[in-house]
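Residues 7 to 268, numbered by the numbering used here, are exactly what the sequence shown covers, in order.
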Amino acid sequence: MGISKKNIIIANLKMGLSSKKEAESWAEMFLREKKFFPKNTFLVICPPAIFLDFFIQKIGKNDWLKFGAQDCFWENKGSFTGETSPEMIKSLDGNFVILGHSERRRNWDESNEKISKKIPASLKTNLHPILCVGETAEEKKHDQTMEVLTSQLDECLLNVSRGKIEDVIICYEPVWAISSNHPTRKPSVNEIMGAKLLIKKFLCEKYGVKAMDKVKIIYGGSVDEKNAEIVCLSPDVDGALVGKASLAPRNLLKICEIIDKR
Ligand code: PGA
């Protein structure tokens, strides 16, 4: 599969649209504001799974606009009440799936082991997994960032082969920097670059330098149209995972525009 564009922006709408009506008005607003067409950037919209079909039908995919889900299960069929399978996402024409988001880790006991099953299941179905890794405030306070990131990468990517790693996107998202966790500050460019280097080193050691160069590494945590330039213009950050700011289509498109200019 591979990711053919230079940059990637993931809009994680979370559970921010509480009804079909709200989903409709988000989509309408997005279509109205969509006057700019990025050349070097994929925008991936990840609505709640229940609205995925509606979003794809209403907004439509094209060479820079793609869609995805916010989680999936590792089986494609069976007695798994409430779950969404990779095949279901693919059958609606989704191409991406966010996995291991800290909200799922915290509220639904999403372990590295579970994520390590979901990633190959998604890849097998030709979905691009977006693996979220990042330390909590407590872990940061105890200087455990490097340790946490290494074990998340090691354990979550356990079943991903050299031939498949370039289809995975890795998002460094410090849990303490996510807007709903009320961050008192944003990570510095040095902190983001430190994490990025660690991820690159891990990829290089496990998969070799060629594969390392192909994997997209993005940043998430309170990215908005005001700070996107600083966060994402740092060399080597391939884009962003945007939560709260993506609830306003105009701001989301502005972020794309900023990233696309680099
Ligand atoms: P935020 O969310 O942009 O609102 O901080 C990002 C995320 O949690 O994916």
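Every residue, glycine too, gets a C-beta built ideally from N, C-alpha and C.
Scanning S252, R268 and K260 for the CA closest to the CA of G22 turns up S252. By the 16-neighbour rule on beta-carbons within 10 angstroms, G84 is exposed.
Residue range H134 to V139 is occupied by the beta strand (DSSP E) that includes P135. By the neighbour-count criterion, in which 16 or more other beta carbons inside 10 Å mark a residue as buried, S108 falls on the buried side. Setting aside the 5 residues that flank it on each side, G227 is surrounded in the same chain by E179, P180, A183 and I184, each with a C-beta closer than 6 Å to its C-beta; the list follows chain order. Counting the other Cβ atoms within 10 Å of the Cβ of V215 gives fewer than 16, which makes it exposed.
Of all alpha-carbon atoms in I65, K64 and L58, the one lying nearest the alpha-carbon of Q76 is that of L58.
Pairing D242 with K222 gives a Cβ-Cβ distance that is not under 7 Å.
Short of 6 Å from the beta carbon of P126, and not among the five residues preceding or following it, lie these beta carbons of its own chain, in chain order: N165. For T190, the number of other beta carbons within 10 angstroms of its own is below 16, and it is reported as exposed. Rounded to whole angstroms, the gap between the alpha carbons of C78 and A201 is 26 Å. Rounded to whole angstroms, the gap between the alpha carbons of M199 and G88 is 38 Å. If you look at V248, you'll find it in the beta strand (DSSP E) that goes G245 to V248. Between N68 and V195, the alpha-carbon positions lie close to 32 Å from each other.
Per the coordinates, the alpha-carbon of K123 lies some 23 Å from the alpha-carbon of T142. Straight across, the Cα-Cα distance linking V139 with V103 is about 14 Å.
Beta-carbon to beta-carbon, N118 and C162 are separated by about 5 Å, close enough to satisfy the 8 Å threshold. In terms of CA proximity to E197, Y225 leads the group E211, Y225, A17 and E172.
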